[in-house]
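>
Protein chains: 2
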Amino acid sequence: MALTKKPVNGMKDILPQEMLIRDYLISLVKETYRSFGFTPIETPVVENLVNLTSKQGGDNEKLIFKIMKRGAKFNLETAKTEDDLADSGLRYDLTVPLVRYYANHANELPKPFKALQIGPVFRADRPQKGRFREFYQCDIDILGDGSNMAEIELILATTTLLGKIGFEGFTVHINDRRILKAMAAYSGFPADSFDQVFITLDKMDKIGREGVAEELLEYGFEQSAIDTYLNLFEELAGEEDGVRFLGEKLADVLEKGAAENLQQIIESVQATSQVKFNLKFDPTLVRGMSYYTGTIFEIEIAGLGCSAGGGGRYDEMVGKFTNIATPAVGFSIGFERIITILMDQGFTVPGTADKVAFLLEKNMPADRLCEIMTEAQQLRAEGRQVLVSVMNKNKKFQKEQLTAEGYSEFKEFYVRPLQ
Amino acid sequence: MALTKKPVNGMKDILPQEMLIRDYLISLVKETYRSFGFTPIETPVVENLVNLTSKQGGDNEKLIFKIMKRGAKFNLETAKTEDDLADSGLRYDLTVPLVRYYANHANELPKPFKALQIGPVFRADRPQKGRFREFYQCDIDILGDGSNMAEIELILATTTLLGKIGFEGFTVHINDRRILKAMAAYSGFPADSFDQVFITLDKMDKIGREGVAEELLEYGFEQSAIDTYLNLFEELAGEEDGVRFLGEKLADVLEKGAAENLQQIIESVQATSQVKFNLKFDPTLVRGMSYYTGTIFEIEIAGLGCSAGGGGRYDEMVGKFTNIATPAVGFSIGFERIITILMDQGFTVPGTADKVAFLLEKNMPADRLCEIMTEAQQLRAEGRQVLVSVMNKNKKFQKEQLTAEGYSEFKEFYVRPLQ
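One line per chain: the protein sequences are R and U, in this order. Residue numbers for the first sequence follow this note's numbering, beginning at 1 and rising by one. Residue numbers for the second sequence follow this note's numbering, beginning at 420 and rising by one.
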């Protein structure tokens, strides 16, 4: 039977050069987040189908790779739909598994629980350049802390990490779903159409204020609501302290304390961060997932043209598993996007120099081989990376290949030592 | 809809304490194998079904988790068997994906190529204690080197790793499939029944020589062949240098150079290893997978009662993908088994002490919060692990939980500073 050399459609093999950067980023992530008290955890990549189709995942639920039942449970004759033949699927994010994990193990975990997850997720999306059906996500979450200390910690940890990677002058956009909703309510949009309004608002940076106005009108919203709404944004643009301004302006429709809460997050982060970045209140920030209940944030790296991560507070999701209200907030960095940036920059992983290759002519006598191996072992014990390899016929090409892999020193060994 | 708290049947969540040890082992593996010039690579966990059912995987091919086709390709009405509905599956080992990877990328990789893989594999096995349907494998492989330098490097690298983990006095059993076959041929077993003979031989350590004799007789083999075979083992037991003995004894049926090849591997490793362990020629070592063509090895850790890893040479497998004969040899450590041993030993990961927890009373004023966060940030910058957490009502229980997580120092902050 003919075998297939290519990976499955839409997934990719990681070549050594990229792998080096991925390993480096993963260890930097773990080291940094651990210093903030986050604990690495891991869940199976396979998840119960009922949890993957629980309406927590939005459109991602349409993209599930489903796994077939096995043995007697697989019955083709009685199956009416594909779901009769599947019992599990590949996780499409790390949030649903985290919430299940917490529900399952809450008694064994500290409260609040600070979790770190890095791992592959799967979406049967249409394959396109730079977007794969298996990709890594990297999330930190704090479960069981309803105070804004959780948001402050998440932002400090994430921006510290970005700083260590080498990013500077990036922006973290921040908003609160409650402020987002209060602005819509204040303007006179009906509560059941907020999501539609936000989908349009989310395009503000692309289509501008006029574009937003046109689209809202097309959807049949009242002109007066649209005008009030856009005026709010107009006024905000001139305000130094937008959050305080909205806190006063929206007092009647905004949950008490919501503006002060956001203000305290911004001030605390700005006062304590050791990384250069902008933390910017952004009233147009929406974030797609409907499970967010409070603060939301998104990372913008200048010149990238797309988000490099984001997150927010989702206080109601854990309770759906546990029936115990449990506040939760998470921040995810765009792991694959950051890898792409570093690859494009020709990033060199620190400490990967100093690699030496021993090239041995074929049929080296046993005693000489032992001498050479002993020399290699000694260098390794000193912390050096030593490749011992047969010498190819085309030695020049072999050395070029190894140079591309980062080998900077070569030592050649011949059966008859050179005179 | 009711959600499920448990992981899918047969898979498990990794709790923080185990995760700490796993992360430590992974970084030790990567650091050690890199020092031997192995390059980390990664393949998708999803593999083409045709590659998973190519008869390379033996019985594992019966245990594949199959993934359903999607969209228009999924046609329940025309499907006759489950394979009409599946197009891919979860990999059951790392060897098949490695060979596909190498076939796909040989031109971009150095020759010989030294690969390191760590990652999850999946087998729909009957769940049982300590055995899971998703588990990590950790393999090193050298592709494109037909010389025994490859075996020497694999054994030195693996035993160096085991030494760094803290194992001492373990045994690496070594044999060669060609010697195994030559012993059977010399004894007069027919070539097409060798596999049956080896399945019985493999039980030698459990059922003894008499048990082996009985079983072979039951299978209908000739008494004279059985006697010759067992006499060989008898004679071997009295030989100091079993490999040399067999090299002479089996000269007529053994591939020329095979015994010398194995002898050189054993001598070179013994002369250059910096770890205390036994490298032992074991003529009863079989290794299950039929793809092995030459040297085979297996790790025995005293008192464990089962193998802690193994591997061997499989010179014919790559050619099935590439149509270009490519020698290959690999060594796999029993990652999950080692984790279990370390957990059972109460292993403490080095460098995880020095964790401090800041416990903050609720509703800390903004300015005080900033002071506290700044103090935490400074400690983190100094390399310490600092958890900032709300103080729970049951502070005593919270501290107990955190102590179990490895926090050794606590600092409490109150809204009204204590006098």
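Beta carbons are placed, not taken as given, at the ideal position from N, Cα and C, and that holds for glycine.
So, at 7 Å on beta carbons, what are the nonlocal neighbours of S687 of chain U in its own chain, with the 5 sequence-adjacent residues on each side left out?
Here the set comprises I571.
> Taking the straight line between their C-alpha atoms, what separation do you get for M391 of chain R and A610 of chain U?
Approximately 37 Å, taken between the alpha carbons.
> Quick check on the DSSP output: what are the complete alpha helix (DSSP H) runs of length 4 or more inside the region 563–637 of chain U, in order along the chain?
Those alpha helix (DSSP H) runs which fall completely within the region 563–637 of chain U and span 4+ residues are 568–584, 596–606, 613–620, 623–637.
> Comparing C-alpha positions only, which one of U:E527, U:D773, U:Y826, U:S808 sits nearest to Y833 of chain U?
The option with the nearest alpha carbon to Y833 of chain U is U:S808.
> Determine the contact status of V50 of chain R and T590 of chain U, defining contact as a CB-CB distance below 8 Å.
Not a contact, by the Cβ cut-off of 8 Å.
> Taking the alpha-carbon of A823 of chain U as reference, which of R:L109, R:E42, R:G71, R:M11 has the nearest alpha-carbon?
Among R:L109, R:E42, R:G71, R:M11, the Cα nearest to that of A823 of chain U is on R:L109.
> Would the region 313–325 of chain R count as touching the region 364–383 of chain R if we require 3 or more Cβ pairs under 8 Å?
No: fewer than three Cβ pairs fall under 8 Å.
> Going along the region 108–125 of chain R in order, which residues come within less than 8 Å of chain U, judged by CB to CB distance?
Answer set for the region 108–125 of chain R: E108, L109, P110, K111, P112, K114, P120, F122, A124.
> Could you work out which residues of chain U lie near F321 of chain R, taking near to mean beta carbons separated by less than 8 Å?
In chain order: L422, K424.
> Sorted by chain position, which residues of the same chain lie with C-beta nearer than 6 Å to G247 of chain R's C-beta, five sequence neighbours on each side aside?
Cβ neighbours of G247 of chain R beyond the five flanking positions: A259.
> With distances taken from CA atoms, which of R:R91, R:E61, R:R244, R:Q56 is nearest V46 of chain R?
It is R:R91 whose Cα lies nearest to the Cα of V46 of chain R.
> If you pair each beta-carbon of the region 21–33 of chain R with each one of the region 114–133 of chain R, do three or more pairs fall below 8 Å?
With a cut-off of 8 Å, the region 114–133 of chain R and the region 21–33 of chain R count as touching, because enough Cβ pairs lie within range.
> For a cutoff of 8 Å on Cβ pairs, would you count R756 of chain U as touching chain R?
Answer no: the Cβ-Cβ gap between R756 of chain U and chain R never drops below 8 Å.
> Nearest-angstrom Cα distance between K203 of chain R and V212 of chain R?
Approximately 7 Å between the Cα atoms of the pair.
> Report the start-end ranges of each beta strand (DSSP E) in the region 718–757 of chain U that is 3 residues or longer and not cut off at the edges.
Whole beta strand (DSSP E) segments, 3+ residues: 726–732, 747–752.
> Pick from U:L655, U:S507, U:D763: whose alpha carbon is nearest that of N9 of chain R?
Checking every option, the nearest Cα to that of N9 of chain R belongs to U:S507.
> Quick one, are the C-beta atoms of F484 of chain U and I67 of chain R less than 8 Å apart?
Their beta carbons are under 8 Å apart, which means F484 of chain U touches I67 of chain R by this criterion.
> Return yes when the Cβ of D241 of chain R is within less than 8 Å of the Cβ of H173 of chain R, no when it is not.
No, the Cβ-Cβ distance between H173 of chain R and D241 of chain R is not below 8 Å.
> Tell me, to the nearest whole angstrom, how far the beta carbon of L98 of chain R is from that of V329 of chain R; I am working on the premise that it is less than 8 Å.
That pair is no contact at about 12 Å.
> For T745 of chain U and S290 of chain R, what's the separation of their Cα atoms in angstroms?
Distance between the alpha carbons of T745 of chain U and S290 of chain R is about 53 Å.
> Fully enclosed by the region 29–64 of chain R, which alpha helix (DSSP H) runs are 4 residues long or longer?
The region 29–64 of chain R contains these whole alpha helix (DSSP H) runs: 49–52.
> Under DSSP, the alpha helix (DSSP H) around F664 of chain U begins and ends at which residues?
Residues 661–668.
> Can you tell me which of R:G309, R:F198, R:D13, R:D141 puts its alpha carbon nearest to the alpha carbon of Y521 of chain U?
When each option's Cα is compared against that of Y521 of chain U, the closest is R:D13.
> In whole angstroms, what is the alpha-carbon distance linking L636 of chain U and F613 of chain U?
For L636 of chain U and F613 of chain U, the distance between alpha carbons rounds to 14 Å.
> Indicate whether the contact test is met: 3 or more Cβ pairs, each with one atom in the region 596–606 of chain U and one in the region 637–652 of chain U, closer than 8 Å.
Result yes; three or more Cβ-Cβ pairs closer than 8 Å.
> Quick one: Cα of E719 of chain U to Cα of D367 of chain R, how far?
Looking at the two C-alpha atoms, the distance is approximately 28 Å.
> Taking A124 of chain R and R133 of chain R to be in contact with their CB atoms under 8 Å, please state how far apart those CB atoms are, rounded to whole angstroms.
That pair is a contact at about 6 Å.
> Beta carbon of G909 of chain U, beta carbon of G753 of chain U: below 8 Å?
No information on residue 909 of chain U is available, as it lies outside the stretch 420 to 838 that chain U covers here.
> Using a Cβ-Cβ distance cut-off of 8 Å, determine whether M708 of chain U contacts chain R.
Not closer than 8 Å to any Cβ of chain R, the Cβ of M708 of chain U fails to qualify, so no.
> Could you spell out where the beta strand (DSSP E) holding N697 of chain U opens and where it closes?
Note, N697 of chain U: beta strand (DSSP E), 696–700.
> For the region 514–527 of chain U, which residues have a beta carbon sitting closer than 7 Å to at least one beta carbon of chain R?
Taking 7 Å as the Cβ-Cβ cut-off against chain R, the residues of the region 514–527 of chain U that qualify are R519, Y520, A522, N523, H524, E527.
> Out of R:I207, R:V121, R:N278, R:E239, which has the shortest C-alpha to C-alpha gap to P463 of chain U?
Measuring from the Cα of P463 of chain U, the nearest candidate turns out to be R:V121.
> Helix, strand or coil for M11 of chain R per DSSP?
Correct three-state label for M11 of chain R: coil.
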